[in-house]
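As structure tokens, the structure follows; a few thoughts come after it.
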DNA sequence: AATCTAATTATGTCTATACATAATATTAAT
DNA sequence: ATTAATATTATGTATAGACATAATTAGATT
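Protein chains in written order, with the numbering used here: chain A, 10 to 232; chain B, 10 to 232.
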């Protein structure tokens, strides 16, 4: 059926036969056709509605699945040596400014961390992180001297919802300093917010050297 | 079962009961448990291996599903008026330089387009696009004076594989000119390559004004 | 003609059962 | 002790059948 879509036999917008007929055609059970069509629908190639039937998606803008890797993996995969420095660690109580970014109520205890990730000794990523201690109380027992908060969180705390913002920006003075940027060099910024069952978990701002950082997403689609 | 994972009853790395036992627990058929677990696995919350069993994912780095919207939608959604200008249109034959970006053999006919997308009359996105006429022959019949190639492709040509690259860059002279960038202003660049059944379809470079463009991804996860 | 009601229909989900497959665990042979 | 052959096991997939649900269509009523 994928071949019939890619081969334009079933063109975008076309209504395709119903499950029962397809099961006949292919000599299999309706449940099997249903499973196959569900996967194509999940992949965004078709759109299905009860009674109305199934049609080939007109807007094939299926979205890209971005795998944001751990910095360490990313650096080691490129054959370089990973380095990590904890720049700052403090516990604070959220004020109105912070609550905007972390989405917690005033007076919630928050762990604030600043770290630098290095590739072969060169600055690679500057991490500014806030962790909601209300949602992740045991984070206060970790010193984060050896392991970065990202790595720890990923191993210890699941999440159910996430928001990512990607942007190109002129660096702040701090970023220029820490990442040792050349003049006119932009930063590539990833901001991530996660929630565990609607409870804010963490907010992080990851800054990268513009000229050398590329975020890649390869979608092979369809199992 | 999702609740047991988010509630930490089943912690990251834990082996969870097998399908048969879970079916007993929940008083349903194994097929139903299998379906549910398959969805959790698709969402990246658990990892499954035959015989070895199912365990809660240790690396919850589940990836973000990026919906890259049509420029027009994006602009109109923000309440601004969409504008479109075709800057250039030509048919050319691929040389070695182009084949690197579009991944086609030498001497393949290629349609090259340059367009500018505007929000309330202000430059918003500069589009440089190459279309493989071997894969999309009827593209040569479209003049693209009124509708942008993105919109046309999305409606007419499906794809099975895609690659996206996001980066922050110092603008080229052309980008600085067309997007009317202030000095020191970086560009946010989206590069997209798509294939239809392993045949290259299109390569596009979309440049945006760094200070005003933010790419957002919200993942509610789990149906 | 407009509105409400009932019939129809395609997808959505679940069940019980069967067999396939990959990976581990066990046993036998070297 | 190491290796090869075999058994076991949890997941993976397919099946026929049943019923649920959403949306449309047709029919009845105003």
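Positions of the beta carbon are idealized from the N, C-alpha and C atoms, including for glycine.
Top-ranked residue by Cα proximity to residue i, from the options
i                      : options                       : result
residue 99 of chain A  : A/137, A/170 and A/56         : A/137
residue 227 of chain A : B/169, B/124 and B/54         : B/169
residue 57 of chain A  : A/15, A/122 and A/22          : A/22
residue 67 of chain B  : B/151, B/83, B/15 and B/206   : B/15
residue 172 of chain A : A/214, A/185, A/193 and A/135 : A/214
residue 20 of chain B  : A/164, A/212 and A/180        : A/164
residue 13 of chain B  : B/37, B/49 and B/41           : B/49
residue 212 of chain B : B/113, B/55, B/18 and B/95    : B/113
residue 147 of chain B : A/10, A/27 and A/17           : A/17
residue 93 of chain B  : B/125, B/30 and B/62          : B/125
residue 224 of chain A : B/54, B/29, B/97 and B/176    : B/176
residue 39 of chain B  : B/29, B/221 and B/46          : B/29
residue 221 of chain A : A/34, A/123, A/62 and A/87    : A/87
residue 123 of chain B : B/106, B/157 and B/85         : B/157
residue 143 of chain B : B/208, B/89, B/55 and B/217   : B/208
residue 217 of chain B : B/106, B/37, B/36 and B/83    : B/83
residue 202 of chain A : A/54, A/107 and A/36          : A/107
residue 55 of chain B  : B/35, B/27 and B/91           : B/27
residue 90 of chain B  : B/191, B/80 and B/37          : B/80
Proximity of residue i and residue j at Cβ, strictly below 8 Å
i                      : j                      : result
residue 75 of chain B  : residue 72 of chain A  : yes
residue 155 of chain A : residue 174 of chain A : no
residue 178 of chain B : residue 78 of chain A  : no
residue 188 of chain B : residue 132 of chain B : yes
residue 115 of chain B : residue 104 of chain B : yes
residue 32 of chain B  : residue 42 of chain B  : yes
residue 25 of chain A  : residue 59 of chain A  : no
residue 193 of chain B : residue 193 of chain A : yes
residue 45 of chain B  : residue 10 of chain B  : yes
Contact belief for residue i with residue j at Cβ below 8 Å, rounded distance in angstroms
i                      : j                      : result
residue 145 of chain B : residue 210 of chain B : 6 Å
residue 111 of chain B : residue 141 of chain B : 6 Å
residue 197 of chain B : residue 182 of chain B : Not a contact, Cβ separation roughly 18 Å.
residue 205 of chain A : residue 166 of chain A : 7 Å
residue 153 of chain B : residue 139 of chain B : Contact doesn't hold; Cβ gap of about 13 Å is too wide.
residue 135 of chain A : residue 184 of chain A : 6 Å
Contact list for residue i against chain A, beta-carbon separation under 8 Å
i                      : result
residue 146 of chain B : Near residue 146 of chain B there are no residues of chain A at all, since even the closest Cβ is about 11 Å away, more than 8 Å.
Cross-chain neighbours of residue i in chain A, by beta carbon under 9 Å
i                      : result
residue 174 of chain B : 223, 224, 225 and 226
Contact set between residue i and chain A, taken where Cβ atoms lie within less than 7 Å
i                      : result
residue 54 of chain B  : 167
residue 210 of chain B : Within 7 Å Cβ-Cβ: nothing; residue 210 of chain B doesn't reach chain A, min ~10 Å.
Contacts of residue i in chain B (Cβ-Cβ under 7 Å)
i                      : result
residue 205 of chain A : 15
residue 21 of chain A  : 164, 165 and 167
residue 67 of chain A  : 164
Chain-ordered chain B contacts of residue i [CB-CB under 9 Å]
i                      : result
residue 196 of chain A : 177 and 195
Contact set between residue i and chain B, taken where Cβ atoms lie within less than 8 Å
i                      : result
residue 219 of chain A : 176, 177, 178, 179 and 195
Any non-hydrogen atom of the ligand PLP within 7 Å of residue i CB
i                     : result
residue 18 of chain A : As for the ligand PLP, it is missing from this structure, which has no ligand bound.
3-residue-minimum beta strand (DSSP E) runs that sit fully inside the region 84-168 of chain B, ordered along the chain: 91-102, 118-128 and 131-141
If you scan the region 175-217 of chain B from start to end, which runs of the alpha helix (DSSP H) of 4 or more residues do you find wholly inside it? 182-187
Where in the region 30-76 of chain A do unbroken runs of the beta strand (DSSP E), each at least 3 residues long, occur, reported from the N-terminal end onward? 55-58, 62-65 and 73-75
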